[in-house]
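376 is the number that numbering that gives the first Met the number 0 gives to position 377 of the sequence shown; each next residue is one higher, with no gaps. Everything below concerns the one structure shown next.
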Amino acid sequence: MRKQALLIAAAVLLCCAQVCASSPSVIEPYPSYTFDFFGNPVPAAQAYIARSVVDGNSLGITPLREPRDIAVAQNGEVFIADTGNNRILHLDKNFGLIKIIDGFSVDGQKETFSAPVALYLTERGRLYIADRDNARLVELTVDGEFIRIIGPPQTDLKGVLPENFTYRPFKVAADQGGRIYVLADGIYEGLLEFDVDGNFRGFIGAPLVRPSILERFWARIATKEQRSRMALFLPTEYTTVDLDERGFLYVAEGNEVRRLNPSGTDVLRRNGFFEPIGDVPTAKEYRISEEIRSTAFIDIVAREYGLYSVLDRQRGRVFTYDQEGHLLYVFGGLGSTTGTMKVPAAIEAHGDNLLIVDRGANRVVIYEPTMYAQLIHAAIAKYQEGDYDRSAELWGEVLKYNLNSDMAYTGIGTALLRQDRFAEALSYFKLGSNRPQYSVAFGLYRREVMAENFGKVVAVLFAAAVALVFFIKVRPRLGQMALKGPQAQETAAVRYVAVKNPQGYLTSLAYAWHVIFHPFDGFWDLKHEKRGTMKAALTIVGLVALTYVVLRQYTGFIFNHQDLARLNVVIELVSVLVPFFLWSVVNWALTTLMDGKGTFKEIVTATAYGLTPFVVVNLPLTWVSNYLTLEEGVFYYFFVAVAALWSAALVFIGMMTIHDYDSSKNFWTCLLTIVGIGIVLFIALLFVNVVNVVAGFISSVYAEMVLRL
């Protein structure tokens with residue numbers, strides 16, 4: 000019995016060991032995640048794991064000292080800029096040392112490097128080195144043979160280069176045509192461009208300056224002296240540059256990525272849920288205790304099939320995107336354990352592996368893809384090759400590793416769309432939150448259904464048109480023909496009695512229809528003829544709140560950007576009712592001091608009746624939105640705007656009528672009402688905060704007393 004127990008325990012331990020070994024997320028010291036459509040981080044399978052490191056010990060040389068860059072040749076050989084030691088390390092494809100390049104000969108004279116901070120290797124086997132402290136670029140062969148030196152940029156035109164400019168290049172790239180692109184300290188105009196002969200030709204791709212609205216406002220109202228003391232609106236410098244296989248320049252600035260064509264125009268596709276900015280700042284952090292900081296890209300590498308990976312120096316994370324701008328996976332982190340980095344400095348692709356230079360730990364970390372990342376790469380490759388069926392199969396395999404992969408659902412949906420399986424494609428595009436592709440599939444599916452049921456559709460439309468004509472044109476005439484003589488007089492008397500009792504609930508509720516089309520007459524009657532009741536007004540307010548909930552919940556998928564899983568009906572209702580009653584109270588308090596003639600009851604009634612178009616337009620519009628495509632969205636948003644503007648205009652006219660104001664005074668009163676609502680909300684939030692602080696203090700004192708007793 001004891002022997003069987005020992006065997007069972009051993010089997011359990013063996014299974015646990017296998018699970019841990021097969022699960023990279025268990026052993027990796029950093030989380031893996033992506034962002035959903037709403038900006039929330041969702042867990043994902045590990046895409047890359049650290050395989051090994053390259054440092055002085057592994058190479059059998061003196062320790063590396065602040066390495067800054069890395070380059071990979073087509074044959075897999077690797078070059079490392081060991082900046083602190085003023086040398087270049089040449090490694091074979093298995094990361095064994097071939098040679099140390101610590102200088103070169105020029106006309107028999109030995110030249111050395113002084114802070115070689117950047118490397119770039121061309122397909123022709125030319126190695127460009129940004130020799131920063133020597134203010135030059137050095138071009139060598141892969142064997143370290145000297146070719147030429149390209150010095151600081153020279154120009155006869157004044158104002159092109161800053162005064163007292165000191166040339167300190169820190170990044171370099173060269174295209175297939177021999178043009179050289181350089182980033183240098185203190186240059187805000189973009190990249191320095193040199194021709195094939197090394198002559199300076201100007202700048203390309205200057206970063207855009209985006210001062211805030213507040214900065215622009217202060218700059219306009221400030222005096223000349225104040226403006227002279229203000230900080231200049233200067234663009235930030237690019238931090239890195241790389242070239243893809245088609246000759247486009249990838250550059251990064253802060254948390255922004257750009258793809259520049261030869262003329263310097265940004266052509267980067269941004270079709271993902273968010274722009275390629277790394278961590279989404281509006282999202283909750285994956286680790287709650289972590290300080291929220293914006294991503295700061297330090298390097299970028301263009302990869303096969305249009306992929307590109309960017310390295311974040313703030314958190315040591317690598318973000319990989321496809322050519323459309325969809326985030327594929329995230330890995331990496333800061334730390335001193337294996338797989339993390341102290342001070343990330345550069346990234347380069349070595350086949351499917353990624354090499355990251357850790358400047359703080361004086362090493363290069365080699366990351367290799369897991370099966371999850373390999374499947375993603377293979378699915379993208381097959382799609383670009385036109386093998387859509389195989390691509391869909393591979394995306395299906397991706398889902399086995401990560402059910403949160405929106406890209407996998409989109410990939411399967413795209414394959415189904417190309418097979419004309421529109422209904423199935425719709426479900427996958429919806430799971431992947433891909434509204435543009437969903438719209439395309441829905442348009443094709445709708446056309447297919449219409450073609451199959453054309454006769455029925457025409458019959459229904461014809462019947463609806465006949466019914467509409469009957470109720471608008473024929474029915475009133477039939478009623479007039481039927482009512483003759485005494486019967487007509489009796490009906491008129493009945494009608495007179497209905498008007499004579501204007502405060503009936505249904506009559507008052509129906510009068511809202513008259514108000515929205517004849518506002519001046521309608522609001523006058525609401526005040527002076529008492530055609531509206533508080534009960535009817537509150538009913539309309541309830542319908543407005545209900546319509547808002549329906550709008551948020553049941554608007555078509557293409558136009559509904561709400562997270563329905565987190566929709567709280569109570570909060571949605573409160574978000575309508577509280578502003579409504581705040582408007583009524585603040586407006587009543589304000590107009591009491593400004594000779595307003597309206598009572599609180601009249602303000603509530605007029606405001607409620609003025610919101611009727613919100614219900615009349617948005618309820619049917621919500622239903623219609625489920626049958627529109629993205630291209631037809633202009634009609635949807637047009638009627639949304641009509642409902643909002645119509646309601647606002649009616650409320651404005653209603654306030655002007657019941658208070659007996661002219662339009663100018665009414666405008667300022669409404670504006671002050673909005674300001675007053677803001678003040679009330681601020682005071683309410685302040686009060687709640689004070690109550691929470693006092694309650695916390697009392698709770699802590701009570702806990703202290705209980706513990707001491």
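For every residue, glycine included, the Cβ atom is placed at its ideal position computed from N, Cα and C. Being a predicted model, the structure only gives us computed values, none of them experimental.
From residue i to residue j, what distance separates their C-alpha atoms?
i    : j    : result
V540 : A509 : 14 Å
K98  : N84  : 14 Å
F638 : L620 : 8 Å
V300 : Y307 : 6 Å
S583 : R551 : 25 Å
V603 : H517 : 19 Å
E110 : I148 : 11 Å
V712 : T628 : Past the edges of the chain, shown from 0 to 708, lies residue 712, and the structure says nothing about it.
R316 : V279 : 13 Å
T591 : C669 : 13 Å
T369 : D194 : 42 Å
G271 : N39  : 14 Å
L460 : R257 : 50 Å
V266 : Q436 : 21 Å
G177 : E144 : 18 Å
A702 : V692 : 15 Å
L709 : L618 : The chain is shown only over 0 to 708; residue 709 falls outside these bounds and no answer can be derived.
T121 : Q418 : 42 Å
P261 : P275 : 21 Å
G555 : I652 : 33 Å
L680 : V690 : 15 Å
N500 : M533 : Caution applies to N500, whose pLDDT of 47 falls short of 50 and renders its modelled position unreliable; the value that the coordinates give is listed next. The straight-line gap from Cα to Cα measures roughly 15 Å.
V53  : V356 : 9 Å
Please work out which residues of its chain come closer than 7 Å, Cβ to Cβ, to residue i, disregarding the five sequence neighbours upstream and downstream, and give them in chain order.
i    : result
G675 : V585, L589
Q153 : F199
A378 : S390, L393, W394, V397, G410
G531 : S507, Y510, L525, T604, Y608
V116 : R67, D68, A80, T82, A129, R131, F169
G334 : P28
V342 : D357, R358, G359
Does the distance from the C-beta atom of residue i to that of residue j stay below 8 Å?
i    : j    : result
E87  : F78  : At residue 87 the sequence reads Ile, which differs from the Glu that was named. Yes, they are a contact pair.
A348 : R67  : no
D174 : G246 : yes
A440 : F453 : no
S403 : P62  : What sits at residue 403 in the sequence shown is Asn, not Ser. Against a cut-off of 8 Å, the Cβ pair of P62 and N403 comes out as no contact.
W587 : F579 : no
T339 : Q313 : no
L126 : L96  : no
Y180 : L248 : yes
Y521 : V514 : Looking at the sequence itself, residue 521 is Gly, so the reference to Tyr does not match. For G521 and V514, yes; Cβs fall inside 8 Å.
G324 : R362 : no
Check the C-beta distance from residue i over to residue j and give it rounded, since I have them as a contact under 8 Å.
i    : j    : result
E188 : F199 : That pair is no contact at about 12 Å.
A49  : T337 : 5 Å
Y328 : S31  : 7 Å
D296 : A360 : With the sequence shown as reference, residue 296 is identified as Phe, and Asp is not the correct amino acid for it. Contact flag wrong, Cβ pair sits at about 20 Å.
V543 : F613 : 5 Å
L353 : Y47  : 6 Å
Y722 : Y400 : Only positions 0 to 708 of the chain appear in the structure, and residue 722 is not among them; the question remains open.
Y237 : P206 : 7 Å
V137 : L190 : 19 Å between Cβ atoms; not a contact.
Go to residue i, then tell me how far its beta strand (DSSP E) extends in each direction, as first and last residue.
i    : result
Y249 : 248-252
H325 : Where H325 is concerned, there is no enclosing beta strand (DSSP E), given that its DSSP letter is neither H nor E.
G102 : 102-105
K596 : Premise fails: K596 is in no beta strand (DSSP E) and is neither H nor E.
N133 : No beta strand (DSSP E) contains N133, which DSSP labels as neither H nor E.
Just reading off the alpha helix (DSSP H) that residue i is part of, what are its end residues?
i    : result
D520 : 518-523
P275 : Taken as a continuous stretch (DSSP letters only), P275 belongs to no alpha helix (DSSP H), as it is neither H nor E.
Q436 : 434-451
L306 : Premise fails: L306 is in no alpha helix (DSSP H) and is neither H nor E.
D388 : 387-400
Which same chain residues, not among the five before or five after residue i, have their C-beta less than 8 Å away from its C-beta?
i    : result
G124 : A72, T140, V141
G395 : A407, I411
G632 : I557, F558
Y387 : K381, T413, A414, R417, Q418
S104 : E110, F145
Once you ignore the five residues that flank residue i on each side, which residues in its own chain have a CB closer than 6 Å to its CB?
i    : result
L709 : Residue 709 is absent from the structure shown; the chain starts at 0 and stops at 708.
F318 : G277, V309, V329
D740 : Because the chain spans 0 through 708 in this model, residue 740 falls outside it and cannot be assessed.
Mind checking if residue i is an interface residue toward chain D, Cβ cutoff 8 Å exclusive?
i    : result
D194 : The chain labelled as chain D is not found in the depicted structure, where only one protein chain is given.
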